[in-house]
């Protein structure tokens, strides 16, 4: 293995703010039906709609969007949504590009987002919704310290049927506790 290949293979992923130049990558994710099935939204968003949303939401105090990249390539999208500065909580969302899944990027991105939420934004709680049948995602979230708060029955429609969603959450005290496993 060459040094360049080795460095690329083992480059630590990092989160950075979403930029307008990233929207083509996001457009590709949002137009993949297999990806969007787990985001509880239909696929097929236009690039123009993404650009309009980007312009409307830029500078919002209630939304933070990040690109996950490694070795100079985009591998995922991470969002902290509905940031509530009174109750100090938000929703966490993540997409890892299908070609990049299974490489530990979801765990790294989740840790990065939680660090930002709890250390930079001083939030108290981060919550998420996940398809109850998405065992890989549930595993990542549990490994990151999220705990199940409940199941929302028949919460979304996908693949011709109503499906359950699991609500999970993690609290700052639990995440920041150095004795946490």
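Residue numbers (full-length UniProt numbering): 1 to 181. We treat Cβ as the ideally placed atom computed from N, Cα and C, and that holds for glycine. Note that the coordinates shown come from a computational prediction; the quantities given were computed from them, not determined experimentally.
Asked                                                                                                                            : Found
Status (buried if at least 16 other CB within 10 Å, exposed otherwise) for residue 125                                           : buried
Separation of residue 131 from residue 74, as counted between CA atoms                                                           : 24 Å
Beta-carbon spacing of residue 90, residue 77 below 8 Å                                                                          : no
Inter-stretch contact at 8 Å, needing at least 3 Cβ pairs: the segment 127-146 / the segment 12-25                               : no
Beta-bridge partners of residue 165, as assigned by DSSP                                                                         : 131, 152
Close Cβ partners of residue 20 (< 8 Å) along its chain, the five nearest in sequence each way excluded                          : 51, 54
Assigned exposure category for residue 22 - 16 Cβ within 10 Å defines buried                                                     : buried
Which of helix, strand or coil DSSP assigns to residue 104                                                                       : coil
Reduced DSSP secondary structure (H/G/I, E/B, other) of residue 17                                                               : strand
Cβ contact (3+ pairs, closer than 8 Å) linking the segment 57-75 and the segment 99-106                                          : yes
Any alpha helix (DSSP H) of 4 or more consecutive residues that is wholly inside the segment 47-86                               : 47-57
Backbone CA spacing between residue 45 and residue 58 [nearest angstrom]                                                         : 19 Å
Through-space distance from residue 143 to residue 149, alpha-carbon basis                                                       : 16 Å
Residue(s) in a DSSP beta bridge with residue 157                                                                                : 162
Per DSSP, cross-strand counterpart(s) of residue 92                                                                              : 80
C-alpha distance - residue 110 paired with residue 65, whole-angstrom precision                                                  : 13 Å
Beta-carbon contacts of residue 47 that lie in its chain and below 6 Å, excluding the five residues immediately before and after : 27
Distance CB(residue 83)-CB(residue 61) smaller than 8 Å                                                                          : yes
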